[in-house]
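**Student:** Chains as they are written, first to last, in the numbering used here: chain A, 14 to 543; chain B, 0 to 375; chain C, 25 to 361.
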Amino acid sequence: MTSEGTNAQRPETAAAKPGASDWAIELEKINKRFGPVHANKDIDLSVRRGTIHGIVGENGAGKSTLMSILYGFYNADSGTIKVNGAIQNITDSRHALALGIGMVHQHFMLVDNFTVLENIILGAEDSRILGTSLSRARSELGRLEKEYDLKVNPDALIEDISVGQQQRVEILKALYRGADILILDEPTGVLTPKEADDLFRVLRTLREQGKTVILITHKLREIMAITDAVSVMRQGEMVKTLETAKTNPEELAELMVGRRVLLRVEKGESHPGKPLLKITNLTVADDMGVVRVKDVSFAVRAGEIVGIAGVSGNGQTELLEAITGMRDQRAGDVIVNGHKLFLKGDDGASRARAAGLAHVPEDRQRMGLVTNFQAWENAILGYQNSAEYGGGLMLDGTAARAAATAQMQRFDVRPLNISLKTSLFSGGNQQKIVLAREIGRDPDVLIVGQPTRGVDIGAIEFIHNQIVKMRDAGKAILLVSVELDEIRSLADRILVMFDGQIVGEADPATATEGELGLMMAGISNREAAQ
Amino acid sequence: MSVLKPLPRWADVVLLPLLNLTLAFVVSGLVVLAIGQNPLHAMWAIATGAFGSGYNFGYTLYYATNFIFTGLAVALAAHAGLFNIGGNGQAYVAGLGVIAVALLLDGTHWIIVMPLAMLAAMLVGGIWAFIPGYLQAKRGSHVVITTIMFNFIAAALMVYMLNYVLKAPTGMAPESRMIAPDARMPRLAEFIDFFRHTPVNLSLFLAIALLVGVYYLIWHTKFGFALRTLGQNPTASRYAGFSNSKIIMIVMTMSGALAGLVAFNEVLGVQNRLVLDFVADAGFVGIAVALMGRNHPFGIGLAALLFGALYQGGNELQYVVPGLTREMVVIIQALVILFTGAMEGLFRPGLQFAFMLFTPEHKAEAMARESAGSES
Amino acid sequence: MKNKQAFKGLAALAGGLAVSALMAGTALAQPAVIYDLGGKFDKSFNESSFEGATMWAEETGEAFLELEIQNDAQREQAIRRFASQGANPVVMAGFSWGTALGTVAAEFPETNFVIIDGVVDLPNVQSILFDEHTGSFLVGVLAAMTSESNVIGFVGGMDIPLIHKFYCGYAQGAKAVNADITVIESYTGTTPAAWNDPVTAGELARAASDAGADVVFAAAGGSGMGVLQMMADLGKYSIGVDANQNYMHPGSVLTSMLKRVDVAVYNSFMNAGDADTFTPGITVIGLSEEGVGYALDEHNEALLTDEMIEAAEDYKARIIAGEVEVHDYTTDSTCPV
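1. With A87 (chain C) and I58 (chain C) assumed to form a contact (beta carbons below 8 Å), what rounded beta-carbon distance in angstroms separates them?
2. Round the Cβ separation of R328 (chain B) and L316 (chain B) to the nearest angstrom and send it over; I've been treating them as touching at under 8 Å.
3. Using the DSSP secondary-structure output, state which residues sit across from S173 (chain C) in a beta bridge.
4. Could you give the DSSP three-state label for Q109 (chain C): helix, strand or coil?
5. According to DSSP, simplified to helix, strand and coil, what is H157 (chain C)?
6. Rounded to a whole number of angstroms, what is the C-alpha to C-alpha distance between A218 (chain C) and A244 (chain C)?
7. Counting along the chain, where does the beta strand (DSSP E) carrying F50 (chain B) start and finish?
8. If you compare alpha carbons, which of B:A90, B:V288, B:I178 is closest to P16 (chain B)?
9. Taking the alpha helix (DSSP H) that K76 (chain A) belongs to, which residues open and close that run?
10. Using the three-state DSSP reduction, which class does Y211 (chain C) fall into: helix, strand or coil?
11. Can you tell me which of the three DSSP states I133 (chain A) falls into?
12. Suppose the cutoff is 6 Å on Cβ atoms and the five residues either side in sequence are ignored; what does the same chain contact list for S210 (chain C) look like?
13. For G57 (chain B) and F194 (chain B), I'd like the C-alpha separation in whole angstroms.
14. At the level of alpha carbons, what is the spacing between F376 (chain B) and Y62 (chain B)?
15. Identify each residue in the segment 52-69 of chain B for which the Cβ-Cβ distance to at least one residue of chain C is less than 8 Å, and report them in chain order.
16. Can you tell me which of the three DSSP states N295 (chain C) falls into?
17. Would you tell me roughly how many angstroms separate the C-alpha atoms of P456 (chain A) and Q329 (chain A), rounded to the nearest one?
18. In the DSSP output, which residue or residues are listed as bridge partners for E250 (chain A)?
19. Would you say I318 (chain A) and L503 (chain A) are within 8 Å of each other, going by their C-beta atoms?
20. Pull the bridge partners of N53 (chain A) from the DSSP assignment, please.
21. Within 10 angstroms of the Cβ of F151 (chain B), are there 16 or more other Cβ atoms? Answer buried if so, exposed if not.
22. Please decide whether V335 (chain B) counts as near chain C, where near means a Cβ-Cβ distance under 8 Å.
23. Classify W121 (chain C) as buried or exposed, calling it buried when 16 or more other Cβ atoms lie within 10 Å of its own Cβ.
24. Using a beta-carbon distance cut-off of less than 8 Å, what residues from the segment 74-98 of chain C approach chain B?
25. Quick check: the Cα distance between Q180 (chain A) and V297 (chain A), rounded to an integer number of angstroms?
26. Contact check, V117 (chain A) vs E39 (chain A) under 8 Å by CB: the rounded distance?
27. Interface residues of chain B around L186 (chain C) at Cβ under 7 Å?
28. Who are V347 (chain A)'s beta bridge partners in DSSP?
29. Give a yes or no on whether the C-beta atoms belonging to A472 (chain A) and K434 (chain A) are separated by under 8 Å.
30. Can you tell me whether N83 (chain B) is buried or exposed, with buried defined as 16 or more other CB within 10 angstroms of its CB?
31. Grab the span of the beta strand (DSSP E) containing H372 (chain A) for me, first residue to last.
32. Any beta-carbon of chain B closer than 8 Å to the one on R104 (chain C)?
33. What residue does the alpha helix (DSSP H) around D90 (chain A) start on, and which one ends it?
34. What number of angstroms, rounded off, separates the C-alpha of G313 (chain B) from the C-alpha of I45 (chain B)?
35. Could I get the ranges of all uninterrupted alpha helix (DSSP H) runs contained in the segment 217-296 of chain C, with 4 residues as the minimum, in chain order?
36. Residues of chain B with a CB under 7 Å from the CB of S108 (chain C): which are they?
So this is what it looks like as structure tokens:
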């Protein structure tokens with residue numbers, strides 16, 4: 014990476030050249046190819062200064078490539094980039110920063126055991142003496158915090174603060190380096206709804222202070238809530254740029270996918286039968302020994318979807334892991350179809366599965382898939398001991414490949430290539446591989462965590478329909494999601510979890526978002542009513 | 000900036016090791032040059048010393064046999080995400096199993112002694128690796144640390160055993176008494192005159208059979224599927240219902256059993272007695288062999304042959320190149336291991352870049368990569 | 025033979041490359057010497073072998089083959105390599121060669137082998153042993169007469185019967201002139217690595233010195249360097265072994281227990297290659313053959329009084345005459361003192 018030496022190209026800042034242009038960023042005819050893949054085709058994009066500009070598109074639409082070009086990670090094959098009206102040839106991210114462009118990545122680039130302040134000046138120390146840099150940074154940070162209402166304790170260690178706070182540190186880092194134009198890549202993917210709201214408040218403040226924000230997301234709700242303008246990308250092309258006020262989610266979804274998309278789940282009445290999954294007095298501790306699920310009991314009946322809502326970190330993850338045999342129970346029982354599961358030991362998951370319990374985990378890349386395996390190998394993961402994949406010790410690769418092909422066809426996984434490394438599939442297709450495997454076995458009980466996290470709109474619709482189909486086939490489904498919208502539209506019953514306990518139950522048809530939000534915040538129905 | 004794409008398989012498996020080997024020879028050549036000798040002459044001495052005659056080739060195969068065993072031991076563990084550095088110690092103590100069987104059945108025909116000694120080598124080597132495996136699985140003590148420590152324990156244990164248990168009362172050297180001629184594993188020289196005076200023996204065929212066996216184990220059995228899942232993603236392995244702790248213990252035991260076969264070759268087939276340091280660092284060379292062989296049995300077979308050739312050819316250097324002391328031979332051998340094993344990734348980025356410039360990408364893969372890449 | 029052709033081919037190819045005498049001469053029956061683990065330049069046992077071979081080469085103007093092994097497992101390969109390339113005789117110094125030589129000598133009945141310090145009972149092997157106990161007796165006498173503290177030390181290399189033999193002779197000599205003297209016995213280790221561990225040996229010498237010893241005899245091959253250095257640093261006396269080590273720390277090295285490995289190698293090179301002069305079986309070299317003894321030269325003449333030399337010479341004569349019998353530890357694994 015060249016570091017300095019770009020001084021000759023260093024632009025005059027916007028302030029030095031007032032009124033030069035209304036546009037913070039103007040991209041014209043940007044093209045970028047990776048081999049035969051045309052990731053960006055003749056992209057035009059203009060971002061007005063002092064606005065929040067959303068860029069939406071499915072995974073693989075070319076959003077990240079475009080932003081990487083703007084931030085100097087890639088060089089465009091052709092096209093021009095204007096920053097504040099002046100043509101620039103952005104060679105690397107240091108150069109981009111010098112032009113006032115800052116980026117907050119989806120995965121934070123922070124040093125966990127450094128303090129907030131140390132992270133902020135890391136790489137931007139203005140003195141050989143660290144102490145001098147630190148004290149200067151501290152006063153500058155105080156100013157930034159006040160100006161943008163971004164409160165964070167400068168002396169806290171990164172590993173001790175919440176994800177939302179870490180994101181603030183990333184934003185402060187960019188501002189500290191003099192960013193006028195801030196690019197945020199899927200910023201709410203890791204945030205709780207409350208944290209997301211805080212982030213949006215911060216973004217509005219930034220806009221009021223004259224900063225320009227580019228927001229990459231695929232969540233239409235966020236686009237509608239905060240942006241001034243929105244550009245839609247599809248398959249490497251810029252489809253359309255619209256004023257947010259003059260569009261609606263349905264139109265955007267259609268532009269993104271290229272066809273009409275149903276944003277609401279179509280499902281009929283549920284006809285619950287006998288309980289297939291019963292949880293009694295379950296108490297679970299996390300790896301550190303902290304009790305995260307406290308004496309929880311509930312049941313899921315055949316033919317119903319029970320959703321568990323809650324701000325993430327209130328025990329949902331531990332609850333799912335305990336039910337599916339991924340975590341030793343502390344106390345209590347998991348009863349599937351009348352059989353009490355024995356979940357002690359580190360192979361509890363095999364017994365849970367044998368009892369007819371399928372599990373779509375919250376984090377498919379960490380748990381549900383081996384991303385370095387070929388697709389067919391993941392198609393049998395967890396079911397490898399089944400007799401159809403070979404008797405005895407041998408693994409029947411032919412049978413496994415055939416089963417994988419069938420599963421992938423049924424769930425329309427693309428590309429339909431069972432030998433492709435799993436990490437090379439898009440997020441939605443990876444999730445389909447998991448779902449195909451777990452649903453394909455016709456289990457009695459399906460445990461689903463975050464079924465559509467990081468999944469395209471088109472695939473979301475498909476996944477939701479599959480889950481509803483299972484319900485209609487008389488299966489019991491337990492759904493955990495941080496997307497309240499998803500729970501409200503899918504579940505037949507909502508249980509709200511707070512601080513390791515089920516604090517309330519709600520009917521999705523009648524409960525309002527406000528009521529649910531209060532319960533999620535730990536305020537019971539009765540208190541809320543008063 | 001993860002724009003570099005993986006190398007095509009042939010480049011990864013063939014070109015990269017060749018480049019590493021070339022570099023190793025260039026640097027070793029500088030060492031030879033430094034003592035005022037002709038590096039080409041030295042290189043030719045290594046080549047003929049390894050392959051020049053039946054005698055030389057026999058020794059090369061004998062070394063390669065050991066390296067196959069230890070290379071497979073390292074590779075099997077590596078597929079399960081475990082770094083077994085203890086091959087040396089496992090092979091060393093396995094010698095106790097072999098010598099115990101051979102001396103207890105003294106005077107028995109080798110047909111009976113051989114399979115029992117083989118099992119004993121695997122059993123003792125396996126137990127020596129099981130302990131670190133158990134400590135990793137149940138107590139979280141990292142196998143890298145424990146297997147290194149077990150190498151030291153093995154060395155001390157063997158010195159004790161050889162001095163105070165196995166040494167003949169009037170003997171001087173710390174070594175056991177000789178195995179009776181009938182019980183010794185036949186050398187190939189007994190059937191093939193080409194290999195006259197060389198120690199290569201029947202265990203070579205065992206090594207070749209195990210190359211095939213381990214291949215099937217890793218890629219065509221359910222246990223292999225389990226251990227690869229564990230190696231790639233322990234959480235997914237648990238999710239799939241495997242008991243990670245059990246897999247760790249079983250794989251470590253198997254790995255130790257493979258390493259233990261070095262003792263089978265050395266004690267029953269070559270030295271015909273238990274001597275100090277008979278492993279001669281084969282356990283560590285196994286790490287380089289596994290690295291260079293990309294943990295694939297086919298690659299391990301080739302890498303073991305190469306390292307066998309380097310060992311045998313390297314030994315010959317001393318006879319052929321004047322002024323080259325044993326220390327320099329060790330330096331040259333170490334350089335080759337360093338460049339081909341430990342630093343095998345040295346040329347990778349450059350080669351990947353070169354390939355990006357000159358070869359078109361495979362379309363489906365590239366498209367899929369792009370979409371996967373934009374997610375993160 | 026094809027192998028050799030290939031070498032020659034390359035030699036021509038390399039054009040003007042100086043091909044060593046070692047390579048070019050392989051067609052003739054060259055003598056070969058193989059050093060033990062301590063290494064060629066251990067200033068002791070192995071270096072003595074080297075000096076003997078060099079002496080032969082200077083005298084005859086011919087070249088010899090040599091090799092240092094890297095570990096115990098290479099012994100057979102090393103012997104076999106020389107035997108198969110036609111070297112004759114193949115000489116190796118060190119008891120550790122015994123088993124390996126037993127195997128290889130049987131494979132090459134046409135080749136003559138010589139082992140020093142070990143016994144291999146084959147028609148084509150000559151086993152050379154030294155009367156180390158008598159030589160050690162003499163330096164024990166000198167040590168006891170030098171000591172003012174009435175305590176002397178012994179640092180052996182590997183803890184084996186051969187070195188016990190040194191100790192036992194040394195202790196007998198000391199007690200012969202001073203029955204009340206204390207001899208502190210210690211060994212560097214139990215593996216061949218003990219021959220090459222001067223640090224441990226030095227520490228053992230210091231320990232002996234701390235216990236009052238003012239003379240320490242190092243019978244430890246290359247490890248002995250540590251003893252000699254330590255005693256010189258402490259301002260006390262040491263006794264070297266195998267080669268004459270008096271020059272190393274003049275004024276501190278009292279004498280050296282000579283064990284003329286060089287002579288044995290020289291004689292082997294001279295005689296063992298030829299069937300007429302080769303004498304298979306066991307050859308024992310002692311005081312009368314000047315194969316063992318104590319060293320007296322300009323470096324230690326100031327340390328040894330006439331009285332001491334007289335006593336030593338007196339004992340030497342009486343041992344040769346059979347009037348004084350020095351017990352050999354290896355005969356019954358016991359030491360009378």
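A virtual CB, placed ideally from N, CA and C, is assigned to each residue, including glycine.
**Tutor:** On the basis of the data shown:
1. Not really, about 16 Å apart at Cβ, beyond 8 Å.
2. The amino acid at residue 328 (chain B) is misidentified as Arg; the sequence shows Val. Rounded, the Cβ-Cβ distance is 5 Å, consistent with contact.
3. S173 (chain C) pairs with nothing; no bridge assigned.
4. Taken through DSSP and simplified to helix, strand or coil, Q109 (chain C) comes out as coil.
5. helix
6. 8 Å
7. Per DSSP, F50 (chain B) belongs to no beta strand (DSSP E); it is in the alpha helix (DSSP H), 38-50.
8. B:V288
9. 76-83
10. strand
11. helix
12. V179, L228
13. Those two C-alpha atoms are separated by around 5 Å.
14. Look at the range of chain B in this structure, 0 to 375, and you will see that residue 376 (chain B) is not part of it.
15. Shown in chain order are the members of the segment 52-69 of chain B whose Cβ falls below 8 Å from a Cβ of chain C: S52, Y54, N55, Y58.
16. Helix at N295 (chain C).
17. 22 Å
18. A:R247
19. yes
20. A:K45
21. exposed
22. Interface residue (Cβ-Cβ distance to chain C less than 8 Å): V335 (chain B) is not classified as such.
23. Looking at its Cβ environment, which holds 16 or more other Cβ atoms inside 10 Å, W121 (chain C) is buried.
24. Answer in chain order: L89, L91, E92, I93, Q94, N95, D96, A97, Q98.
25. 30 Å
26. Actually they do not touch by this definition, with Cβ atoms about 22 Å apart.
27. Identification of chain B residues near L186 (chain C) by a Cβ-Cβ cut-off of 7 Å yields M171, ordered along the chain.
28. A:I292
29. no
30. buried
31. 370-373
32. yes
33. Taken as a continuous stretch (DSSP letters only), D90 (chain A) belongs to no alpha helix (DSSP H), as it is neither H nor E.
34. 6 Å
35. 222-234, 248-258, 285-295
36. What S108 (chain C) touches in chain B: Y54, H196.
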